[in-house]
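Single-structure report; data block below.
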Amino acid sequence: MWPTTSYDAGAIIGVVDSGIWLESESFNDDALYKALHGEFSSIVDIFATIDAVIADGVDILLMSVGLVRHQPVDYFNDLIAIGSLKAIEKGIFVVAAAGNNDLLTSPFNRAQNVAPWITTVEAATIDRIFETVLKLKNGNTVKEISYFPLSIFISNTSLYFGRSSEAESI
Numbered sequence: 285m286w287p288t289t290s291y292d293a294g295a296i297i298g299v300v301d302s303g304i305w306l307e308s309e310s311f312n313d314d315a316l317y318k319a320l321h322g323e324f325s326s327i328v329d330i331f332a333t334i335d336a337v338i339a340d341g342v343d344i345l346l347m348s349v350g351l352v353r354h355q356p357v358d359y360f361n362d363l364i365a366i367g368s369l370k371a372i373e374k375g376i377f378v379v380a381a382a383g384n385n386d387l388l389t390s391p392f393n394r395a396q397n398v399a400p401w402i403t404t405v406e407a408a409t410i411d412r413i414f415e416t417v418l419k420l421k422n423g424n425t426v427k428e429i430s431y432f433p434l435s436i437f438i439s440n441t442s443l444y445f446g447r448s449s450e451a452e453s454i
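Residue numbering for the sequence shown follows this note's numbering, beginning at 285 and increasing consecutively.
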């Protein structure tokens, strides 16, 4: 997208980290949004902020928000997922933080903002590997490295090979 905007004109960037020339025309629009306003903020505040971003016509939506959830939430009940889908439908590229909750302390502390239409980013390092065995339905096994330290059994799930996707790449 950056080359199509002549490297500075025509793109409004909501939030960007370092590495881009700050004198660029793209930074003339102050598109920084505050979604949470103290301890009484809620998911509705985040949803309203996403609506404001869409109305302003930004090109990129970067969300560094997540909620502590006491139970899993389906996409059709998750206001961040719904708001992000609305943004995608308007041609806005959506990037979100995955969150930094520890999976081992609670079964519900999982990566957040993982709807398929959101580019989810996690900033982390790990100094160990977890060797795992993937046992296929036909009896074959594949030894691999996993970043999931617990044992889990998943059945009735097909494997998906990304290269077979007909979707356009970004």
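Ideal placement from N, C-alpha and C gives every residue a C-beta, glycine not left out. Bear in mind the structure is a predicted one, so any value in this text is a computation, not a measurement.
For THR333, the closest of ASP358, ALA371 and GLU323 by C-alpha to C-alpha distance is ALA371. For GLU415, the three-state secondary structure derived from DSSP is strand. As far as DSSP is concerned, THR333 takes part in no beta bridge.
DSSP, reduced to helix, strand and coil, places PHE377 within a strand of the structure shown.
Out of LEU420, LEU369 and PHE331, the CA that lies nearest to the CA of PRO400 is found in LEU369. For VAL426, the uninterrupted beta strand (DSSP E) segment begins and ends at 425–430.
Residue environment: VAL405 is assigned as exposed (fewer than 16 neighbouring CB atoms within 10 Å of its CB, all protein chains considered).
Shown here, VAL398 sits in coil according to DSSP, grouped into three states, outside any helix or strand. Closest in C-alpha terms to LEU346, from the list THR403, GLU415, LEU320 and PHE414, comes THR403. Put simply, of ALA381, ASN422, ILE366 and LYS427 the residue whose alpha carbon is nearest the alpha carbon of ILE327 is ILE366.
The three-state secondary structure of LEU316, taken from DSSP, is coil. Boundaries cannot be given for LEU420, as no beta strand (DSSP E) includes it and DSSP labels it neither H nor E. Only exposed fits ALA336, as fewer than 16 other CB atoms lie within 10 angstroms of its CB. Around the beta carbon of ASN361, a 10 Å sphere encloses fewer than 16 other beta carbons of the protein chains shown; the residue is thus reported as exposed. In the DSSP annotation of this structure, VAL357 is not part of any beta strand (DSSP E), being labelled neither H nor E.
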